[in-house]
Each structure stands twice: as structure tokens, then as C-alpha cells.
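For the sequence shown, my numbering gives the first residue as 25, with consecutive numbering after it.
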Amino acid sequence: MRLIDADKMQEDIVSLLEIEWGYEGLRDDVAEIFKKIPTIKNNADKNEKWISVKERMPEAEGRYIVCIDGRTSVIPMQINGLGHKYWEVGKYLKKETTSVTHWMPFPAPPKEE
């Protein structure tokens, strides 16, 4: 399945019908057909994109998906008594690493239908 720009596709179909085949006045008919096509939510919302640690850190303590040395892992982010935020990299990864460069929260679980 591909996410497409349905509005652009609708315009292209109307143009094809009007220009190539000489049909006119079908804009409303095509719009009605497109209203019946189900819309799929684009899951690539702001909560599912990589966020640079230079841009911001997570607001709350917890486990996050992180990128370290080009690889993904799941580690906790903690806040110490002074309010400093830090990743618990050494406690969860056995190899020497540089640092977390990007993070993202876990996606929401699927909804029962």
C-alpha cells in the first residue's frame, strides 16, 4: 500500500476527463467518488519521528528508542535531583559507545476494532 496525495489524484482525474475525453462538469461526480474512498491515517506523526538530542530531550523519565553509533536500542532516560537529563547508556549496552544522537518515543499500541 502507498500513501498518496488523493487531492492531487482527484484533480488529475478531472483534468484527464475534461481535456482528453472532452467530458465537462464531472468535478462534483469525481468528488463524490473520492469521498467514499476510506482515508488511512498517516502514522508518521510527530510522535513517531526521530528527534535530535541537540533539538530537545524527552520531557519525562522513561524508556525510549534511541540511535547510538547508527544503531537503534532501547534505554532509559533519567532526570537527576538537580534536573539534569541523561541516558543510562553504560548500564544497558556492553560495548563502548559515543552517545545518543537521536531518540523517539514508543509508538502507541494498536487499537482494537
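Using N, Cα and C, we set each Cβ at its ideal position, and we do this for glycine too.
Per DSSP, reduced to three states, the secondary structure at Ser39 is helical. In this structure, the beta-carbon distance from Ile92 to Met128 does not fall below 7 Å. Rounded to whole angstroms, the gap between the alpha carbons of Asp29 and Glu79 is 30 Å. In the three-state DSSP reduction, Gly86 falls in the strand class (E or B). Of the residues Gly46, Ile43, Val38, Trp111, the one whose Cα lies closest to the Cα of Ala55 is Val38. According to DSSP, Ser97 shares a beta bridge with Val90. By alpha-carbon distance to Gly107, the top candidate from Ala84, Pro100, Thr96, Thr125 is Ala84. Put simply, the backbone Cα of Glu112 is about 28 Å away from that of Pro134. Between Phe58 and the set Glu35, Ile75, Gly105, the nearest pair of CA atoms involves Glu35.
The Cβ neighbour count for Ile61, taken over all protein chains shown within 10 Å, is under 16; the residue is labelled exposed. Here the alpha carbon of Val124 sits roughly 11 Å from the alpha carbon of Met81.
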